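J.: My questions will all concern the structure given below.
Residue numbers (my numbering): 37 to 239.
Here it is, written out as structure tokens:
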């Protein structure tokens with residue numbers, strides 16, 4: 037396939053353009069060898085060949101040099117096309133990554149606004165029940181203590197529901213939970229107190 041045919045061969049992607057570029061680069065050494073050989077032949081024949089014979093060689097040399105120049109020009113053009121197409125492809129991939137992340141973040145944000153109040157309301161109610169139950173446990177412990185019995189015979193909700201860690205510590209679901217006030221939900225824990233200081237929501 038000629039250089040012009042290769043250059044005109046359809047190629048929409050950077051990979052296809054690189055294939056064309058590789059084909060053209062593969063032809064350049066042979067084209068260079070033809071031009072060099074014709075040049076040597078002309079030099080050697082200047083003193084021995086007729087004008088007509090020299091003209092034939094020069095015509096062959098001109099064709100060989102033109103083909104080599106065309107191949108080099110095609111290589112430069114394909115280098116440019118590869119770089120440009122690769123940039124477009126990279127931009128398209130980046131655009132897909134960004135739009136996918138943006139769409140997912142927007143969808144989750146909408147869900148968070150929609151569902152947070154419902155879930156928070158149930159959690160606040162449960163946590164407040166835990167606090168009330170622990171008050172009752174504390175009263176029961178006081179009664180045990182007054183009766184001369186061990187007060188730790190009954191455990192707090194906070195103690196029962198604590199989560200164990202790999203280091204042997206226990207994390208309290210009651211004390212460590214923090215919920216921001218939203219809609220008609222008053223919030224809970226440090227987030228509720230912070231919101232009250234900032235005048236946000238219902239503290």
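By construction, the Cβ of each residue, glycine as well, lies at the ideal position given by its N, Cα and C atoms.
Keep in mind the model is a prediction, meaning the values are calculated, not measured.
Could you tell me the alpha carbon to alpha carbon distance between residue 125 and residue 118, rounded to whole angstroms?
T.: So the alpha carbons of these two residues sit roughly 10 Å apart.
J.: Any C-beta of chain B sitting closer than 7 Å to the C-beta of residue 117?
T.: The question asks about chain B, but that chain is absent: this structure has only one protein chain.
J.: Under 7 Å, do residue 173 and residue 190 count as touching if we go by C-beta distance?
T.: For residue 173 and residue 190, yes; Cβs fall inside 7 Å.
J.: Would a C-beta distance cut-off of 7 Å place residue 194 and residue 178 closer than the cut-off?
T.: No; because the gap between Cβ atoms is not below 7 Å, this pair is not in contact.
J.: I need the straight-line Cα distance from residue 58 to residue 111, nearest angstrom please.
T.: C-alpha separation (whole angstroms): 9 Å.
J.: Do residue 74 and residue 104 come within 7 Å of each other at the CB atom, strictly closer than that value?
T.: The answer is no: Cβ separation not under 7 Å.
J.: Quick check on DSSP: helix, strand or coil for residue 190?
T.: If DSSP states are grouped into helix, strand and coil, residue 190 belongs with coil.
J.: For residue 206, list the residues DSSP reports as bridge partners.
T.: Residue 206 pairs with 200.
J.: If you run the structure through DSSP and keep just helix, strand and coil, what is residue 221?
T.: In the structure shown, residue 221 sits in a strand (DSSP, three-state: E or B).
J.: Throw me the rounded Cβ distance for the residue 94 and residue 78 pair, which I believe falls under 8 Å.
T.: Yes, residue 94 and residue 78 are in contact; Cβ-Cβ is about 6 Å, under 8 Å.
J.: Give the secondary structure of residue 215 by DSSP, where H, G and I count as helix, E and B as strand, and everything else as coil.
T.: Residue 215 falls in the strand class under three-state DSSP.
J.: Between residue 198 and residue 208, is the Cβ-Cβ spacing less than 7 Å?
T.: Yes. Within cutoff.
J.: Can you say whether residue 238 is buried or exposed, counting buried as having 16 or more other CB atoms within 10 angstroms of its CB?
T.: At residue 238, the pLDDT of 44 sits below 50, so the modelled position is not reliable; the number obtained from the coordinates is stated separately. Exposed, by the Cβ-count rule.
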